[in-house]
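Undergrad: Here this note's numbering runs 582 ahead of the position in the sequence shown, where the first position is 1.
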Amino acid sequence: MTSVADESIEYCTVHPNIETSLHCNRCGRPMCTRCAVRTPVGYRCRECVRSQQDKFFNAQSLDYLIAASVSLVMSLIIAGILSVIGAFFLLSIFIAPAAGGLIGTSVWRLTGKRRGRYTAFVVGCGVVLGALPFLLANPIAIGIYLLLATGAAAGQFRFRRI
Ligand SMILES: [Zn+2]
Ligand SMILES: [Zn+2]
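(1) Could you check how far apart the C-beta atoms of Arg626 and Arg608 are, in whole angstroms? I think they sit under 8 Å.
(2) Taking 7 Å as the line, does the beta carbon of His597 fall inside it for any heavy atom of ligand 2?
(3) Output yes or no for whether 8 Å exceeds the beta carbon distance between Ala723 and Ile667.
(4) Can you tell me whether Ser603 is buried or exposed? The criterion is at least 16 other CB atoms within 10 Å of its CB, across all chains shown.
(5) Whole-angstrom Cβ separation of Ala734 and Gly683, contact assumed at under 8 Å?
(6) Between the alpha carbons of Ile675 and Asp636, how many angstroms are there, rounded?
(7) Which runs of the alpha helix (DSSP H), 4 residues or longer, sit entirely within the stretch 639-694?
(8) Across which residues does DSSP place Glu592 in a beta bridge pair?
(9) Under the three-state reduction of DSSP, which class applies to Ser737: helix, strand or coil?
What follows is the structure, given as C-alpha cells:
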C-alpha cells in the first residue's frame, strides 16, 4: 500500500528539483512559486500567461507604423500651435492633456482598436518627437505639453494585462 504523502509529492515542470504543491489553474502542470504568475483568475504558469497575452495583444506591425506617424504628425501640429501662444503658456496646462487624449484616441481608432504590446511606447515617442522642434520657440508651453500630453496619449494604451 502506497502512502498518500508519496503520491502527492510533485515537482515543478521547469525546475525538476523543486518540490511543489502548486498547479497552474489553466493547464494543471505543477509549478514552483518562482514559476507561478499571479493573474486576476488565479496562479498560472508562464507559458499559459504568454499564450493568453499573445491572443490579447492582436496589433499588426502596420499598426505601429500608423501609431508612429499619426502621433508624430498630430503632435507636430498641436505643439506648433502651442509654441506661438507666447505669454499665454499656462493655457498649455489645459490644452496638453486634452490634446494627448485626442492623439491617443485617434491612434486607437485608426489602428482598428487593436491592442499592441508596444503601442503606448510608440505613441509616447511620436508625441515627444513631434513637439521637440518647437521646444526652443516656447520652452514653458512645450515643456508642459511634453509632460502632460505624452502621458495622456500613452495612457490610452495601458491595457489591463491578463
Ligand atoms: Zn499553464
Ligand atoms: Zn519552477
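Glycine is no exception: its CB is placed at the ideal position from the N, C-alpha and C atoms.
TA: In this structure, then:
(1) 5 Å
(2) yes
(3) Less than 8 Å divides the Cβ of Ala723 from the Cβ of Ile667.
(4) exposed
(5) 5 Å
(6) 37 Å
(7) 643-665, 673-692
(8) Thr602
(9) The question names Ser, yet the displayed sequence has Gly at residue 737. DSSP places Gly737 in helix when its eight states are reduced to three.
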